[in-house]
């Protein structure tokens, strides 16, 4: 009988195919590119994920280039590594859930991102680089001064942010009606055209907005939540990069570079 | 090695099965199952999604879809009749509309409705809030597609039907209304049901309008849960929730198509 030998042959073909496939699917950890001893997802570039627009931390300028506070700090890191920074615009939830880092989309993220315990479970954070306060924006002429004044009113928040989490905490207690928007631009639109009475986001974000749109809006309340921003890096995967970022941060704070960037984007540093 | 033709065929078929199985096996072996299960199948998270995913998210998805479908169907029928009209300007307007709205992404149209209308008409709200905005936003796009489908349906009704009706003394309008359009709708039920399935998924675009805990639909609910729990399980459950709607609808389309094929 010839058939069994044919089957055996077929088995061999299959085995080889399977092997080839498995090899093809193998993780590419070993082939990652190195720069000054730091692993990078693509050669010659520090790939950074963010969610645009989020001025003054990251947004496009008139020429279409992404710039901002976070961007300039990350530029320092890239310079230290001897590479260029490339910025990828991606939904915030991909950054926050750690998936963008896990799937190798980027080396780190710089997205005005608050360090929280929940987020720490899925990503490693750099040292804090910014103290953030939450604030409430309203149209000029509205009399809301605190969350209490918003009982039964619509309050806009941005999806996946700590501002949203903060408002959520008081939603039931203060009888707020939370409306969630995908990004900052939509949230600003909603306040501007009266879809919501007020909106919560990080204070520097509103300060920047007021600078660009003078007269129509004001910050009605500030909520000191003790939040601090950090740069996320893939969990337990790239301690070298994390160390590098922290070194650059420490150096920049010492030699005054940090203050220069702070004053350029945020304004006068509060005397702590 | 010389094989007879039948043996060769059997061998070739067997090989194809084996390669197919091998590919699946390779993928199954290469995947990191523990991490996958932890990322996409956490039972505690699945439990925490009920009953809200049904009572709020699924319900809203169905409501938005039906709203957009109803708006699109009425408007689409009008457009189809306009395109077939003997009055030239009607045809021009309908053609221009269809070309325009078939060419625009639904997301863009929805954004224009949600943010443009409140700016154009300050202090006025679209009736029904998110529901009204999405019914109009998605309905405007759906109407363009449906108009073409319905027009094709009307044209598929044999000419003799109209001629016979006119011979009996019916006016053109009455013949259209009572003889041609009802038959046309029977023809276009399967493609319209497909449109309904497409709309079900497009209703996920509601997020651009800004949603509250009461107006949230399936996709946004899944994404929010993903954010709160920092785990992808909610996305899987959200996907299954869509299948609860779309799979029965697909069955309906298949049945109708079969029945229609038999009737011919």
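Protein chains in written order, with the UniProt record's numbering: chain W, 1 to 272; chain Y, 1 to 264. In this text, a Cβ means the ideal position worked out from N, Cα and C, and glycines have one as well. These numbers were taken from a predicted model, which means no experiment stands behind them.
Buried or exposed, going by whether 16 or more other CB atoms sit within 10 Å of the CB of residue i?
i: residue 164/W; result: buried
i: residue 145/Y; result: buried
i: residue 262/Y; result: exposed
i: residue 147/W; result: buried
i: residue 178/Y; result: exposed
i: residue 137/Y; result: buried
i: residue 85/Y; result: exposed
i: residue 258/Y; result: exposed
i: residue 178/W; result: buried
i: residue 244/W; result: buried
i: residue 101/W; result: buried
i: residue 58/Y; result: buried
i: residue 43/Y; result: exposed
i: residue 163/Y; result: exposed
i: residue 227/W; result: buried
i: residue 31/Y; result: exposed
i: residue 17/Y; result: exposed
i: residue 161/W; result: buried
i: residue 195/W; result: buried
i: residue 208/W; result: buried
i: residue 262/W; result: buried
i: residue 95/W; result: buried
i: residue 119/W; result: buried
Can you check whether the C-beta of residue i is within less than 8 Å of a C-beta belonging to chain W?
i: residue 227/Y; result: yes
i: residue 210/Y; result: yes
i: residue 213/Y; result: yes
i: residue 259/Y; result: no
i: residue 119/Y; result: yes
i: residue 43/Y; result: no
i: residue 230/Y; result: yes
i: residue 4/Y; result: no
i: residue 115/Y; result: yes
i: residue 124/Y; result: no
i: residue 83/Y; result: no
i: residue 223/Y; result: yes
i: residue 252/Y; result: no
Just to check my reading of the structure: residue i and residue j have Cβ atoms closer than 8 Å, yes? What is that Cβ distance to the nearest angstrom?
i: residue 248/W; j: residue 242/W; result: About 11 Å separates the two Cβ atoms, so there is no contact after all.
i: residue 47/W; j: residue 41/W; result: 5 Å
i: residue 134/W; j: residue 200/W; result: 6 Å
i: residue 132/W; j: residue 116/W; result: With 8 Å as the limit, residue 132/W and residue 116/W do not qualify as a contact, their Cβ atoms being about 12 Å apart.
i: residue 217/W; j: residue 137/W; result: 6 Å
i: residue 107/Y; j: residue 134/Y; result: So it is not a contact: roughly 12 Å between Cβ atoms.
i: residue 189/W; j: residue 115/Y; result: 5 Å
i: residue 243/Y; j: residue 40/Y; result: About 15 Å; that fails the 8 Å criterion.
Would residue i pass as an interface residue toward chain Y - the criterion being a Cβ-Cβ separation below 8 Å?
i: residue 147/W; result: no
i: residue 122/W; result: yes
i: residue 201/W; result: no
i: residue 28/W; result: Legend: pLDDT at residue 28/W = 46, less than 50; position of this residue unreliable, no value from coordinates given.
i: residue 181/W; result: yes
i: residue 273/W; result: Outside the displayed range of chain W (1 to 272) lies residue 273/W, so it cannot be described from this structure.
i: residue 273/W; result: Outside the displayed span of chain W (1 to 272) sits residue 273/W, for which this structure offers no information.
i: residue 193/W; result: yes
i: residue 25/W; result: Note that residue 25/W scores a pLDDT of 48, beneath 50, so its modelled location is shaky and nothing firm can be said.
i: residue 31/W; result: With a pLDDT of 42 at residue 31/W, under the threshold of 50, the modelled position of this residue cannot be trusted, and the question is left open.
i: residue 178/W; result: yes
i: residue 96/W; result: yes
i: residue 117/W; result: no
i: residue 313/W; result: Since the first residue of chain W shown is 1 and the last is 272, residue 313/W is not available in this structure.
i: residue 109/W; result: no
i: residue 173/W; result: no
According to the Cβ coordinates, are residue i and residue j closer than 8 Å?
i: residue 267/Y; j: residue 66/Y; result: Chain Y is shown from 1 up to 264; residue 267/Y falls before or after that span and cannot be answered.
i: residue 197/W; j: residue 155/W; result: yes
i: residue 62/Y; j: residue 245/Y; result: yes
i: residue 158/W; j: residue 181/W; result: yes
i: residue 129/W; j: residue 230/W; result: yes
i: residue 3/Y; j: residue 11/Y; result: yes
i: residue 184/W; j: residue 54/W; result: yes
i: residue 142/Y; j: residue 239/Y; result: no
i: residue 193/W; j: residue 248/Y; result: no
i: residue 286/W; j: residue 235/W; result: Because chain W here runs from 1 to 272, residue 286/W falls outside it and cannot be looked at.
Establish whether the CB of residue i and some CB of chain A are separated by less than 8 Å.
i: residue 207/Y; result: Note that chain A does not occur in the displayed structure, where the protein chains are W and Y.
Closer than 7 Å to a non-hydrogen atom of the ligand PLP - does that hold for the CB of residue i?
i: residue 175/W; result: Of the ligands one can find in the structure shown there are none, so the ligand PLP has no counterpart to examine.
Quiz item: Does the segment 64 to 82 of chain Y touch the segment 193 to 200 of chain Y, meaning 3 or more C-beta pairs lie closer than 8 Å?
Solution: yes
Quiz item: Are the segment 138 to 149 of chain Y and the segment 222 to 242 of chain Y touching by the rule of at least three beta carbon pairs closer than 8 Å?
Solution: no
Self-check item: At least three beta-carbon pairs within less than 8 Å, the segment 211 to 226 of chain Y to the segment 45 to 53 of chain Y
Solution: yes
Quiz item: Is the segment 99 to 111 of chain W touching the segment 48 to 63 of chain W in the sense that three or more CB pairs, one from each, lie closer than 8 Å?
Solution: yes
Quiz item: Does the segment 17 to 30 of chain Y come close enough to the segment 210 to 217 of chain Y to have 3 or more Cβ pairs within less than 8 Å?
Solution: no
Exercise. Mind the definition here: the segment 59 to 66 of chain W touches the segment 251 to 261 of chain W only if three or more C-beta pairs lie below 8 Å; say whether that holds.
Key: no
Quiz item: Are at least three pairs of beta-carbons, each pair with one atom in the segment 179 to 190 of chain Y and one in the segment 152 to 160 of chain Y, less than 8 Å apart?
Solution: yes
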